[in-house]
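J.: Going down the list, the sequences are from chains A and B. When we follow the numbering used here, the leftmost residue of the first sequence carries the number 234, and every step to the right adds one. When we follow the numbering used here, the leftmost residue of the second sequence carries the number 162, and every step to the right adds one. Think of the CB as a built atom: it goes at the ideal place given N, C-alpha and C, for glycine as much as any other residue.
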Amino acid sequence: EAQVTQNPRYLITVTGKKLTVTCSQNMNHEYMSWYRQDPGLGLRQIYYSMNVEVTDKGDVPEGYKVSRKEKRNFPLILESPSPNQTSLYFCASSLRWAGTDTQYFGPGTRLTVL
Amino acid sequence: AQKITQTQPGMFVQEKEAVTLDCTYDTSDPSYGLFWYKQPSSGEMIFLIYQGSYDQQNATEGRYSLNFQKARKSANLVISASQLGDSAMYFCAMREGGGATNKLIFGTGTLLAVQP
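Below you can see the structure in the form of structure tokens.
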């Protein structure tokens, strides 16, 4: 089944404890992206990647890192999480990056930073 | 300026009736895609339907259809024969062809409640 998977689905952690949210897609997509969703602010892009070893900042990259060593994986790293990073996180992928390419989303990761 | 506008924060519809969720957009890029996503209370973001800016016909996908009026810059979602399971938040989104990040730009969403 074609899908985007994320792990973990739920995570409660404490300030400053490094964490990684994994994202994997099995559709051979070139473009991958991370979004966060917050009440009243909608979905905002954190980072994106157009291909292996090609990543760039989105609208809200502060406090996050990403890597794209393999085409299928695009982990999101929080080196020193803070409470303002409590949010619902989505990984998404699309075949390429054209305006007409549909982005498919993972199931989301609910992160709480205490 | 907001690029995607959804003016209906919430809507009610009776089961088995049709409902239209409004969406207007703003872009100067001639190549773009318009998307509708459904987000149930469980939180996942489910792709429903897509309309390309050069598509001549309105998109349809089962009970979902997209009423695309390019000159008016509107892309309304029509759900026919509503079901209880359609109760969710619905987001209209746009992806521009020439954007640097090619991200999805989302509207604020419409919360649909289907009543029995």
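1) List, in order along the chain, the chain B residues whose C-beta lies closer than 9 Å to that of A/R343?
2) Are any of the Cβ atoms in chain B nearer than 8 Å to that of A/P272?
3) Return the Cβ separation of A/Y264 and A/L276 in integer angstroms, given the expectation that the two are a contact with Cβ distance under 8 Å.
4) Check whether the Cβ atoms of A/R343 and A/L321 lie closer than 8 Å to each other.
5) Please confirm if the stretch 180-192 of chain B is in contact with the stretch 327-335 of chain A, defined as three or more CB-CB distances below 8 Å between the two stretches.
6) Closer than 9 Å by beta-carbon distance: list the chain A residues that pair up with B/S278, in chain order.
7) List the residues of chain A whose Cβ lies closer than 8 Å to the Cβ of B/G258, in chain order.
8) Got a sec: is the Cβ-Cβ distance from B/K234 to anything in chain A below 8 Å?
9) Can you give me the Cβ contacts of A/V293 inside the same chain, cut-off strictly under 6 Å, excluding the 5 residues immediately before and after it?
10) So the beta strand (DSSP E) B/E257 belongs to, where does it begin and stop?
11) Could you tell me which residues DSSP pairs with A/D292 in its beta bridges?
12) Going along the chain, which residues of the stretch 215-243 of chain B sit with their C-beta nearer than 7 Å to a C-beta in chain A?
13) So, does the CB of A/Y337 fall closer than 8 Å to a CB anywhere in chain B?
14) At 3 residues or longer, what runs of the beta strand (DSSP E) sit wholly inside the stretch 246-282 of chain A?
15) Can you tell me where the beta strand (DSSP E) holding B/A232 begins and where it ends?
16) Taking DSSP as the reference, what is the three-state secondary structure of B/N263?
17) Determine, for B/K177, whether the minimum Cβ-Cβ distance to residues of chain A falls below 8 Å.
18) Does the CB of A/Q318 have a neighbour CB from chain B at under 8 Å?
19) Which residues in chain E sit within 7 Å of B/K199, going by Cβ to Cβ distance?
20) Quick check: what's the CA-CA separation for B/G204 versus A/S266?
21) What three-state label does DSSP hand A/N284 in the structure shown?
22) Counting only beta-carbon atoms, is B/G213 nearer than 8 Å to chain A?
T.: A quick look at the data gives this:
1) G204
2) Not closer than 8 Å to any Cβ of chain B, the Cβ of A/P272 fails to qualify, so no.
3) Not confirmed; about 16 Å, so no contact.
4) yes
5) yes
6) Given a span of 162 to 277 for chain B in the structure shown, any question on residue 278 of chain B remains unanswerable.
7) A331, G332, T333
8) No, its Cβ sits nowhere closer than 8 Å to a Cβ of chain A.
9) R277, I279
10) 249-257
11) Answer is none; A/D292 lacks a bridge partner.
12) Answer in chain order: no residues at all.
13) yes
14) 252-258, 264-271
15) Careful: B/A232 lies outside any beta strand (DSSP E) and carries neither H nor E.
16) In the structure shown, the three-state DSSP call for B/N263 is coil.
17) Not one chain A Cβ lies under 8 Å of B/K177.
18) no
19) In the structure shown, chain E does not exist; the protein chains are A and B.
20) 18 Å
21) strand
22) For B/G213, the answer is yes, since a Cβ of chain A falls inside 8 Å of its Cβ.
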